[in-house]
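Visitor:
There are 4 protein chains.
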Amino acid sequence: MKFIRDSLHGNLKVDEFEVRLIDTPQIQRLRRIKQLGFTYLVYPGANHTRFEHSIGAMHLASKLANHLGLDEHQKKMVRIGAVLHDAGHGPFSHVSERVIPYSHEELTSRLVKESLLGDILQEAFDLKEITQIIRGEGSLGQIISGDLDVDRMDYLLRDSYYTGVAYGVIDVERLIYNMVLDEHLMLKRKGVQAAESMLLARYFMYPSVYQHHTTRIINSMFRRCLLKLMEMELVNPEKIYLYDDADIISAARAQEGYAQELITRLDNRSIYKTVYSLKLDEVQEPHRLFDIPPGKIRELEQELSEDLGVGEEYVIIDIPEYPDFQEMSTLVAINGDRKKLRDISSIVKALNVARFDHADLCIYLPKEYSDKADNFPFNNYIPLEI
Amino acid sequence: MKFIRDSLHGNLKVDEFEVRLIDTPQIQRLRRIKQLGFTYLVYPGANHTRFEHSIGAMHLASKLANHLGLDEHQKKMVRIGAVLHDAGHGPFSHVSERVIPYSHEELTSRLVKESLLGDILQEAFDLKEITQIIRGEGSLGQIISGDLDVDRMDYLLRDSYYTGVAYGVIDVERLIYNMVLDEHLMLKRKGVQAAESMLLARYFMYPSVYQHHTTRIINSMFRRCLLKLMEMELVNPEKIYLYDDADIISAARAQEGYAQELITRLDNRSIYKTVYSLKLDEVQEPHRLFDIPPGKIRELEQELSEDLGVGEEYVIIDIPEYPDFQEMSTLVAINGDRKKLRDISSIVKALNVARFDHADLCIYLPKEYSDKADNFPFNNYIPLEI
Amino acid sequence: MKFIRDSLHGNLKVDEFEVRLIDTPQIQRLRRIKQLGFTYLVYPGANHTRFEHSIGAMHLASKLANHLGLDEHQKKMVRIGAVLHDAGHGPFSHVSERVIPYSHEELTSRLVKESLLGDILQEAFDLKEITQIIRGEGSLGQIISGDLDVDRMDYLLRDSYYTGVAYGVIDVERLIYNMVLDEHLMLKRKGVQAAESMLLARYFMYPSVYQHHTTRIINSMFRRCLLKLMEMELVNPEKIYLYDDADIISAARAQEGYAQELITRLDNRSIYKTVYSLKLDEVQEPHRLFDIPPGKIRELEQELSEDLGVGEEYVIIDIPEYPDFQEMSTLVAINGDRKKLRDISSIVKALNVARFDHADLCIYLPKEYSDKADNFPFNNYIPLEI
Amino acid sequence: MKFIRDSLHGNLKVDEFEVRLIDTPQIQRLRRIKQLGFTYLVYPGANHTRFEHSIGAMHLASKLANHLGLDEHQKKMVRIGAVLHDAGHGPFSHVSERVIPYSHEELTSRLVKESLLGDILQEAFDLKEITQIIRGEGSLGQIISGDLDVDRMDYLLRDSYYTGVAYGVIDVERLIYNMVLDEHLMLKRKGVQAAESMLLARYFMYPSVYQHHTTRIINSMFRRCLLKLMEMELVNPEKIYLYDDADIISAARAQEGYAQELITRLDNRSIYKTVYSLKLDEVQEPHRLFDIPPGKIRELEQELSEDLGVGEEYVIIDIPEYPDFQEMSTLVAINGDRKKLRDISSIVKALNVARFDHADLCIYLPKEYSDKADNFPFNNYIPLEI
């Protein structure tokens with residue numbers, strides 16, 4: 020038995036087998052991956068890592084597993100699933116994920132298979148079964164990654180703790196104690212309010228933290244930098260789970276050219292300006308925004324750069340992240356029946372619309388070129404009916 | 020006016036002039052310097068940076084300056100002093116400081132003089148005067164760096180918040196509201212208990228955090244790595260305030276040899292073992308321990324490596340940090356008289372002795388060589404009477 | 020200068036004049052009035068009082084007044100307004116308010132006029148002007164009692180702190196820093212989210228705390244007890260602001276009969292059972308529920324008691340509190356224009372409907388009679404179309 | 020299974036048997052007994068009750084029992100022991116205890132025997148065995164009431180939470196995880212620091228909270244009032260565990276005379292003044308102070324009242340509480356040996372002396388008579404060599 024001191028959840032017990040997994044280079048690497056990418060440039064306390072989040076998720080997985088009455092082997096699997104669920108994340112977590120052709124779940128599976136992790140797991144588990152849980156598949160997998168998973172509970176609490184934005188302070192116990200496992204992980208009727216509250220916590224965290232305007236610019240700048248490194252084959256997207264944050268930063272610093280320029284700007288917080296913003300509610304079919312292929316965006320950027328008369332690399336068009344709130348379809352057990360959360364909660368129903376309130380397509384330019392954008396007819400370039 | 024959201028102190032106001040200073044590359048660099056070096060390998064939440072600490076110290080400096088009734092110009096100087104007081108820190112803060120031939124206060128002065136910071140400061144202040152405050156000199160300087168300074172108040176609170184070790188949770192308001200400035204920054208009688216409590220907070224943080232056994236090993240490994248890079252002239256100690264944590268890490272990773280080996284061990288948390296420990300209370304003149312010159316230590320390490328039959332680089336002798344508690348001589352104003360804190364508080368008097376309780380000289384070896392140390396007569400090598 | 024230590028907001032400064040007001044028997048009485056009535060029988064920590072809430076509101080009033088740039092005299096008025104705003108509350112706060120023929124604002128004005136408070140206030144203020152502020156009238160009054168007042172900010176935070184229900188943890192600073200005073204106290208556009216979040220905090224606190232099912236039963240029992248004491252002229256509703264919680268409790272204990280029986284049940288947590296519940300969404304014109312006059316309810320209770328064959332005193336029909344969310348019409352300043360919050364926020368719009376989700380008319384009986392209610396046609400007695 | 024929401028420890032599970040005990044009038048009464056007596060007149064948030072403390076102690080007892088590896092029956096006893104350990108407390112807890120001829124432990128035993136509690140306990144336990152645990156006897160009893168008991172852990176945390184004085188924030192987990200049960204409840208070597216820290220927490224809480232100067236005056240006034248009620252046989256000290264706070268308050272209010280005067284002063288915070296203070300370090304044999312019999316004090320008060328020319332009831336001589344720190348003799352298991360904490364910790368050794376630093380004998384008079392005390396030779400009346 021060993022203890023890990025978590026700043027949120029206190030002293031957390033880990034057994035010997037878990038220590039062996041945690042002590043692999045693959046899990047230790049997560050100590051060097053920031054949970055929220057470059058958000059620390061907006062909220063200076065946001066330096067927390069995927070490592071502490073993974074340990075925290077393990078702790079909540081235990082709590083939920085205990086409440087659900089799982090057997091010892093199932094509990095063990097669920098704990099391990101939580102520790103490993105983010106092992107495939109690339110540097111700066113979700114920031115890099117958007118330019119990598121694989122999801123972090125996909126990469127986690129691959130990493131487990133080809134590394135020491137798989138060998139250790141095989142000693143205690145059926146590798147296929149545990150991999151499914153890590154990926155969030157099956158009913159046990161839903162504990163790790165489902166509509167109401169421990170991943171989300173932990174990151175909301177943790178991101179609030181480190182950013183100082185209180186919106187994510189959710190009532191984890193009320194949520195956990197109102198869940199049942201009956202094929203699906205479901206809510207009891209009494210838990211509806213706790214679930215509403217968690218959904219709203221996430222909703223409020225979007226514009227304040229996850230999609231904070233400045234964060235979006237910074238992350239876009241970094242992604243552009245990373246793409247450059249990938250184009251130059253200095254970073255291999257197939258093995259993105261082998262790099263840590265410092266690797267990418269030093270690769271960019273070492274490369275004389277545009278990647279270096281971008282990393283220097285980030286270091287010095289010399290951030291691009293927003294020269295155009297198109298709010299989704301001004302658009303006729305807003306959902307189509309999320310379907311525009313990256314190649315098309317790239318083309319538009321080039322067109323714009325020519326017409327604006329600035330270097331090709333300086334124009335960034337930024338599509339916001341799709342505000343995904345799958346919890347809306349969480350099942351609620353009501354008198355033997357099962358209903359979707361959004362069908363019984365008027366608040367959740369409203370969120371379904373409101374979640375697009377803060378979404379906008381933006382165009383960024385370096386500060387020194389931003390006056391070129393004055394009176395420029397950006398609307399003509401946007402492939403959406405306004 | 021701008022706000023910076025601090026996870027500890029909330030929304031902190033900064034004025035335009037302060038924003039200009041904060042937005043320099045010199046202060047932005049502090050976002051990339053971990054406050055507690057490699058402590059995150061022991062307490063996974065300890066990823067906080069010198070940047071947030073500097074902003075937090077500025078906030079407390081304001082509070083104290085207001086309480087003391089300083090005028091607007093003095094308040095401004097004190098705030099700026101707090102923001103800049105750590106600007107000269109090298110990567111991983113105090114960890115690197117021990118192998119650099121200058122204190123971070125010395126380096127801060129130098130950096131201010133030769134960088135943009137000096138130019139900006141000169142617009143509003145007498146450069147000599149403000150530099151003294153930044154260095155903690157004069158009565159206003161004592162607010163920044165003295166016996167009961169805002170630096171210490173902030174770091175105790177902050178290190179507790181991020182490590183999850185509650186010992187550092189001190190009562191800052193009680194302390195501040197019981198201070199007076201009369202040539203010296205002094206305590207009122209009613210503040211004695213708050214000061215005792217802050218001293219004890221630091222005392223308890225030593226073995227749990229600052230001089231935690233594992234942290235000491237890790238930091239020793241890193242210092243050895245940094246020395247190697249300095250010997251190879253890959254890092255310039257004269258300009259250590261130009262590097263951030265990632266610079267040193269990537270320099271070590273790039274260098275094939277011992278520096279790379281050490282950084283890989285740190286990455287993978289493959290930590291040296293303690294093969295010998297000499298507690299100070301077993302030594303006849305314990306204070307002499309802190310006077311052993313670094314060169315002497317280096318010689319002993321070489322001798323040991325030969326006699327143990329392990330590579331010269333693998334033996335680390337670690338002298339603990341001197342447990343400095345200058346607050347003990349804080350002046351307390353009692354009926355027109357001034358007494359030293361340690362002369363009126365039996366608790367503080369006891370601390371004067373107790374602070375050495377946890378100090379020991381240690382010798383570390385890589386795990387794979389640690390059996391060579393069995394029954395080895397380390398005592399014979401130690402230049403202290405036992 | 021004196022300090023009051025508040026468990027939420029820390030050390031709060033009060034000046035000499037404020038101390039004189041706070042030290043009157045009228046304000047000291049608030050130390051003996053529970054903020055949330057009998058909620059401590061559901062959440063054991065909810066023993067906090069109107070006194071600490073009033074001091075906390077004063078602190079937030081200062082913060083808001085500073086942000087709005089009020090002059091010294093205005094600030095002083097606003098602080099005093101906050102301290103006094105609840106002085107007229109009767110025992111157990113809002114619980115008694117529902118059976119008293121005056122609002123607590125009305126009673127506060129009366130108390131100020133006829134007590135020492137008025138005399139002291141007159142030394143520094145125009146009595147009419149300050150009374151308006153205390154009552155929440157005029158633009159300065161809106162700081163104390165308006166759509167986005169400091170009263171509400173403090174009680175949400177405080178009730179969360181003491182009940183342990185996190186829903187009320189709101190971001191007070193973000194709210195305050197996004198308010199403007201331009202005839203009306205209004206929100207800036209950037210503050211919309213903070214306001215949405217505060218509204219939702221209140222919305223979630225309703226079923227969990229303020230209108231928690233058990234709390235509603237307990238409060239109904241107490242009101243019945245208090246009515247009895249008023250009927251017997253043992254308590255004078257005209258002077259309800261002279262009593263504290265203990266006065267009513269001991270009056271009830273001393274009176275042999277139904278009042279004593281009820282207070283004994285409350286003491287022993289022997290709580291009535293809900294034998295009937297009519298959800299508002301099953302009713303055709305739900306708003307009419309809140310218009311049923313108390314006399315009509317009393318008649319129905321008597322009818323029911325006869326037909327159920329239980330003592331007249333044992334039937335309680337409980338109409339829920341009207342879920343008032345005036346903040347929905349808070350003005351938001353948008354490009355020189357003013358819009359209502361509910362017109363620009365889809366979340367707030369949804370709340371307008373959702374707030375009735377948890378409301379129901381209930382009928383309670385002592386446990387020992389509750390089987391008499393089996394299959395009883397309560398619906399026939401309810402004066403609402405179902 | 021039921022949950023009780025504790026504002027400190029979160030959602031706490033209680034089983035059916037425990038609910039039955041908790042729902043007795045004897046345990047429900049604790050909801051109406053303030054944990055810290057009249058401390059709420061100094062720290063307005065200190066309204067917490069013996070009830071929540073008892074539930075909190077039960078929670079910590081579980082944690083400790085789990086860590087110690089107790090069997091299910093033992094765990095159950097320890098939990099029940101914690102819930103009941105304070106059942107015998109009189110109104111305002113320790114404040115009344117000093118004028119009652121029995122300790123609260125003694126009264127708890129008596130209450131258990133003669134009430135419903137005993138009947139319920141007998142269904143599941145040997146009554147003698149469980150009573151011993153409740154009283155803190157035997158090795159299991161030490162968990163409830165010993166040198167390092169859960170009672171103390173809970174009250175330090177809880178009193179800090181409600182007063183807002185951070186000194187009591189201790190590291191309960193570090194403490195619990197470093198305890199062993201081997202006939203005695205003992206500390207492991209690694210837990211010494213956590214124990215030192217808890218001792219210091221208590222030490223700092225004494226002058227700030229438990230023996231705060233104003234609190235001492237208020238409590239003395241209340242004790243005088245209670246004594247009066249006992250003399251008049253309006254309160255029966257033999258059955259003090261049948262009264263709650265409101266009972267005593269209303270008895271005093273109803274009695275025209277000195278008891279009423281005192282309760283009115285307390286209500287209005289019209290507090291006696293200290294006219295004389297004798298610090299223990301000015302006395303030759305300070306320990307003798309605690310041996311002066313109450314009768315002797317009473318005599319001195321009468322003498323003083325005559326010589327000062329004030330009514331007999333107005334003079335209060337207040338001996339401080341003996342600063343008991345039994346934890347100093349806590350056993351620490353070191354390499355098979357057992358040592359006392361104070362023998363291995365220089366901090367604890369220092370506390371042994373320092374704990375008397377803040378102790379003084381005081382004399383109080385109503386404000387309106389306090390000038391009679393000017394230049395009065397109080398020293399001559401004190402039965403101690405100075």
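Residue numbers (our numbering), protein chains in the order written: chain A, 20 to 405; chain B, 20 to 405; chain C, 20 to 405; chain D, 20 to 405.
All residues carry an ideal CB built from backbone N, CA and C; glycine is no exception.
Only a predicted model underlies this, so the values are computations on that prediction, with no experimental measurement involved.
Which chain D residues sit within Cβ distance under 8 Å of A/Asn410?
Guide: The first residue shown for chain A is 20 and the last is 405, placing residue 410 of chain A beyond what the model contains.
Visitor: What does the alpha-carbon distance come out to for the pair A/Glu250 and C/Ser179?
Guide: Their Cα atoms are separated by approximately 52 Å.
Visitor: Taking the C-alpha atoms as reference points, what is the distance between D/Ala80 and B/Ile99?
Guide: Approximately 50 Å between the Cα atoms of the pair.
Visitor: Which first and last residues belong to the alpha helix (DSSP H) in which C/His203 is found?
Guide: Run containing C/His203: none in the alpha helix (DSSP H); it sits in the beta strand (DSSP E), His203 to Lys207.
Visitor: Expressed to the nearest angstrom, what Euclidean distance is found between the alpha-carbon atoms of A/Glu304 and A/Pro226?
Guide: Straight-line Cα distance between these residues: approximately 22 Å.
Visitor: If B/Leu103 and B/Leu136 are in contact, beta carbons under 8 Å, what's the gap, nearest whole angstrom?
Guide: Their Cβ separation, rounded to whole angstroms, is 7 Å, which keeps B/Leu103 and B/Leu136 in contact under 8 Å.
Visitor: Establish whether the CB of A/Phe223 and some CB of chain C are separated by less than 8 Å.
Guide: A/Phe223 counts as touching chain C.
Visitor: Between the stretch 344-353 of chain B and the stretch 236-251 of chain B, are three or more C-beta pairs nearer than 8 Å?
Guide: Output reads no: the stretch 236-251 of chain B does not touch the stretch 344-353 of chain B.
Visitor: Which first and last residues belong to the alpha helix (DSSP H) in which A/Lys258 is found?
Guide: Per DSSP, A/Lys258 belongs to no alpha helix (DSSP H) and is neither H nor E.
Visitor: Going by other Cβ atoms of all chains shown within 10 Å of its Cβ, with 16 needed for buried, is A/Lys315 buried or exposed?
Guide: Result: exposed.
Visitor: Using DSSP bridges, identify the partner residues of D/Ala352.
Guide: D/Lys207 and D/Arg357, per the DSSP bridge assignment.
Visitor: Going by the beta-carbon positions, is the gap between D/Ile405 and D/Asn398 smaller than 8 Å?
Guide: Yes, these two residues count as a Cβ contact at 8 Å.
Visitor: How many Å lie between D/Ala265 and D/Arg51 at the Cα?
Guide: Cα to Cα, the separation comes out at about 8 Å.
Visitor: Assign B/Ile382 to one of three DSSP states: helix, strand, or coil.
Guide: Strand at B/Ile382.
Visitor: Would you say A/Ala101 reaches chain B, if we count a Cβ-Cβ gap shorter than 8 Å as a contact?
Guide: By this cut-off, A/Ala101 is not an interface position.
Visitor: Just to make sure I have the definition right: I need the residues of chain A whose C-beta is within less than 9 Å of the C-beta of B/Asn287. Which are they?
Guide: What B/Asn287 touches in chain A: Asp42, Thr43, Pro44, Gln47 and Arg48.
Visitor: Going along chain A, which residues have a C-beta under 9 Å from C/Ser6?
Guide: Any property of residue 6 of chain C remains undetermined from this structure, which presents chain C solely from 20 to 405.
Visitor: Taking the continuous beta strand (DSSP E) assigned at A/Ile23, which residues delimit it?
Guide: First-last of the beta strand (DSSP E) with A/Ile23: Lys21 to Asp25.
Visitor: So what does D/Ser296 bridge to, in DSSP terms?
Guide: Per DSSP, D/Cys381.
Visitor: Under 8 Å, CB to CB, which of the residues in the stretch 363-374 of chain C have a partner in chain A?
Guide: Going along the stretch 363-374 of chain C in chain order, one finds Ser364, Ser365, Ile366, Lys368, Ala369, Leu370, Val372 and Ala373 with a Cβ nearer than 8 Å to chain A.
Visitor: Helix, strand or coil: how does DSSP classify D/Asn30 here?
Guide: Three-state DSSP puts D/Asn30 in a strand.
Visitor: Let me know if C/Ile54 comes out buried or exposed under the rule of 16 or more other beta-carbons within 10 Å of its beta-carbon.
Guide: Rather than Ile, the amino acid found at residue 54 of chain C in this sequence is Gln. The residue is buried, with at least 16 neighbouring Cβ atoms inside 10 Å.
Visitor: Could you give the distance in angstroms between the alpha-carbon of C/Thr182 and the alpha-carbon of C/Glu71?
Guide: Each residue's Cα considered, the two are about 15 Å apart.
Visitor: Return no unless some Cβ of chain D is closer than 8 Å to the Cβ of B/Pro305.
Guide: Chain D contact via Cβ: absent.
Visitor: Kindly list, in the order they appear in chain C, the residues whose Cβ is closer than 7 Å to that of A/Asp376.
Guide: Result: Ser365.
Visitor: In terms of alpha-carbon separation, which member of C/Gln279, C/Asp105, C/Glu320 and C/Ile74 lies closest to C/Leu261?
Guide: Considering only alpha carbons, the answer is C/Asp105.
Visitor: Considering just the uninterrupted stretch of the alpha helix (DSSP H) at B/Ile163, what are its terminal residues?
Guide: Per DSSP, B/Ile163 belongs to the alpha helix (DSSP H) from Gly157 to Ile163.
Visitor: Given a threshold of 16 other Cβ atoms within 10 Å of its Cβ, counted over all protein chains shown, does A/Ser122 qualify as buried or as exposed?
Guide: Exposed, by the Cβ-count rule.
Visitor: Taking the alpha-carbon positions, what's the C/Phe22 to A/Ser389 distance?
Guide: Approximately 51 Å, taken between the alpha carbons.
Visitor: Does the beta carbon of A/Ala352 come closer than 8 Å to any beta carbon on chain C?
Guide: Taking Cβ atoms only, chain C never reaches closer than 8 Å to A/Ala352, which makes this a no.
Visitor: Could you tell me how far apart the beta carbons of B/Arg418 and B/Ile259 are, in whole angstroms, since I believe they sit closer than 8 Å?
Guide: Residue 418 of chain B is absent from the structure shown; chain B starts at 20 and stops at 405.
Visitor: Would you call the stretch 367-377 of chain D in contact with the stretch 361-371 of chain B, where contact means no fewer than 3 C-beta pairs closer than 8 Å?
Guide: Judged by Cβ distances under 8 Å, the stretch 367-377 of chain D makes contact with the stretch 361-371 of chain B, as three or more pairs qualify.
Visitor: Within 10 Å of its beta-carbon, does D/Asp145 have 16 or more other beta-carbons around it, so buried, or fewer, so exposed?
Guide: It is exposed - the Cβ of D/Asp145 has fewer than 16 other Cβ atoms within 10 Å.
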